[in-house]
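*Asks:*
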Amino acid sequence: MKSIIHIVTPIVTRGVRTLDDVDPFRRPDLEIRHSLLDSGPVSIESEFDEALSVPDTIQKAIDAERDGANAIVIDCMGDPGLNACREAVSALVIGPSQASMHMAALLGHKFSFITVLERLRPMIANLVAQYGLAQSYASFEAVDVPVLDIENNLDEVQNSLIECGLRAVREAHAGALVLGCTGFLGCADAMSSALSAQGYRVPVIDPIPLSVHLADALLKSGMSHSKTIYASPASKPLVGYDMQM
Numbered sequence: 001m002k003s004i005i006h007i008v009t010p011i012v013t014r015g016v017r018t019l020d021d022v023d024p025f026r027r028p029d030l031e032i033r034h035s036l037l038d039s040g041p042v043s044i045e046s047e048f049d050e051a052l053s054v055p056d057t058i059q060k061a062i063d064a065e066r067d068g069a070n071a072i073v074i075d076c077m078g079d080p081g082l083n084a085c086r087e088a089v090s091a092l093v094i095g096p097s098q099a100s101m102h103m104a105a106l107l108g109h110k111f112s113f114i115t116v117l118e119r120l121r122p123m124i125a126n127l128v129a130q131y132g133l134a135q136s137y138a139s140f141e142a143v144d145v146p147v148l149d150i151e152n153n154l155d156e157v158q159n160s161l162i163e164c165g166l167r168a169v170r171e172a173h174a175g176a177l178v179l180g181c182t183g184f185l186g187c188a189d190a191m192s193s194a195l196s197a198q199g200y201r202v203p204v205i206d207p208i209p210l211s212v213h214l215a216d217a218l219l220k221s222g223m224s225h226s227k228t229i230y231a232s233p234a235s236k237p238l239v240g241y242d243m244q245m
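If you want it as structure tokens, here you go:
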């Protein structure tokens, strides 16, 4: 079975994510596609940004399924529109935050979430509670770098991630670390090496590779999300939205 996984990056900023980023994951039986939003925020760093991203994220999920995708990955650790997308489509929909947190709890018992800005602390705490993982949540850490500045300050960000990771393991006794921004793609290996050099062999979860591989594994196992729980919405007029179902 061929997996066709469509990554929806729920912002409008071009270049933040390209197919080159996920090229190493592609195989003859795994095709990866990608789209950005046509309307929405330039980055997601608040509940406000996330809310603005949801309508076109849903539309992009619908478009992806119509174009043949059998799985969709929402490329943001706020999982914007996750449940709504699952209602709108039958294709498997993966939220990288949900997937990463559950995998971290599976592999490390307690996990720490390392993201971009301190202001995201309550937003992430809400997600942890929503996903039923409060007892597995060790701590929150932030590198204090806005999403759109990550690429231009990659060495500084990498060093800050390592510092946050060491603090989480030493002080919060985290058994696993979740990279809490999909913009940190590719940073996990250096973090793992730095922590191992200090004697801490803990999983460092890079959300996009995990989500892509998880989606592929679920598809090849014949599974998707429950349409009993995520039932399709009733057909009715939507004022102010050109939503094509």
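Residue numbers (this note's numbering): 1 to 245.
For every residue, glycine included, the Cβ atom is placed at its ideal position computed from N, Cα and C.
Model, not experiment: these values are computed from the prediction.
Just to confirm, is the Cβ distance from Ala84 to Ile62 under 7 Å?
*Replies:* At least 7 Å separates the beta-carbon of Ala84 from that of Ile62.
*Asks:* Answer yes or no: do His109 and Gly186 have a C-beta to C-beta separation smaller than 7 Å?
*Replies:* No, the pair does not count as a contact, with Cβ atoms beyond the cut-off.
*Asks:* Identify, in the order they occur along the chain, each residue of the same chain with its Cβ nearer than 8 Å to the Cβ of Asn152, setting aside the five sequence neighbours on each side.
*Replies:* none
*Asks:* Measuring alpha carbon to alpha carbon, tell me which residue in Leu19, Tyr137, Ser46 and Val8 is nearest Ser290.
*Replies:* Because residue 290 is not part of the residues shown, which for the chain are 1 to 245, the question remains open.
*Asks:* Given that a residue counts as buried once 16 or more other Cβ atoms are within 10 Å of its Cβ, and exposed if not, what is Ala198?
*Replies:* Ala is not the amino acid found at residue 198; the sequence shown has Gln there. Label assigned to Gln198: exposed.
*Asks:* Phe111 bridges to which residues according to DSSP?
*Replies:* Tyr137 and Ala176
*Asks:* Is it buried or exposed for Tyr241, if we count other Cβ within 10 angstroms and need 16 for buried?
*Replies:* exposed
*Asks:* How close, in whole Å, do the beta carbons of Gly183 and Val147 come, if the pair is a contact with beta carbons under 8 Å?
*Replies:* 5 Å
*Asks:* May I ask you to list the residues that DSSP assigns as paired with Arg33?
*Replies:* His6
*Asks:* Could you tell me the distance, in whole angstroms, from the CA atom of Leu154 to the CA atom of Leu238?
*Replies:* For Leu154 and Leu238, the distance between alpha carbons rounds to 43 Å.
*Asks:* Determine whether the beta carbon atoms of Pro203 and Leu107 lie at a separation below 7 Å.
*Replies:* yes
*Asks:* If you check the beta carbons only, do Cys181 and Val116 fall under 7 Å apart?
*Replies:* yes
*Asks:* What does DSSP give as the partner residues of Arg26 in its beta bridges?
*Replies:* DSSP output for Arg26 lists no bridge partner at all.
*Asks:* Find out if the Cβ-Cβ distance for the pair Asp56, Asp29 is shorter than 7 Å.
*Replies:* Not closer than 7 Å, so no.
*Asks:* If distances are taken between C-alpha atoms only, which option among Gly132, Pro41, Ile114 and Lys2 comes closest to Pro10?
*Replies:* Taking Pro10 as reference, the option from Gly132, Pro41, Ile114 and Lys2 with the minimal CA-CA separation is Pro41.
*Asks:* I'd like the list of long-range same chain contacts for Met136, defined as Cβ closer than 7 Å, with 5 residues on each side in sequence excluded.
*Replies:* In the sequence under discussion, the amino acid at residue 136 is Ser, which differs from the Met named in the question. Excluding residues within five positions, the ones whose Cβ falls inside 7 Å are Ala105, His109, Lys110 and Phe111.
*Asks:* By alpha-carbon positions, which one of Leu161, Leu92, Leu219 and Ser232 ends up nearest to Val145?
*Replies:* From the listed residues Leu161, Leu92, Leu219 and Ser232, the smallest Cα separation to Val145 is found for Leu161.
*Asks:* Residue range of the alpha helix (DSSP H) that Ala91 falls in?
*Replies:* Note, Ala91: premise wrong, no alpha helix (DSSP H); not H, not E.
*Asks:* Between which residues of its own chain and Ala69 is the CB-CB distance below 6 Å, once the five residues before and five after are set aside?
*Replies:* When the five nearest sequence neighbours on each side are left out, the beta carbons in the same chain lying within less than 6 Å of the beta carbon of Ala69 are those of Ile4, His6 and Ala91, in order along the chain.
*Asks:* Measuring straight from C-alpha to C-alpha, what distance separates Thr228 and Arg86?
*Replies:* 11 Å
*Asks:* With distances taken Cα to Cα, identify the nearest neighbour of Phe48 among Asp21, Ala71 and Gly81.
*Replies:* Gly81
*Asks:* Going by Cα to Cα distance, which pick from Ile94, Leu166, Ile44 and Arg14 is closest to Ala217?
*Replies:* Ile94
*Asks:* Quick check: the Cα distance between Ala168 and Glu50, rounded to an integer number of angstroms?
*Replies:* 27 Å
*Asks:* Which partner residues of Val204 appear in the DSSP bridge assignment?
*Replies:* Leu177
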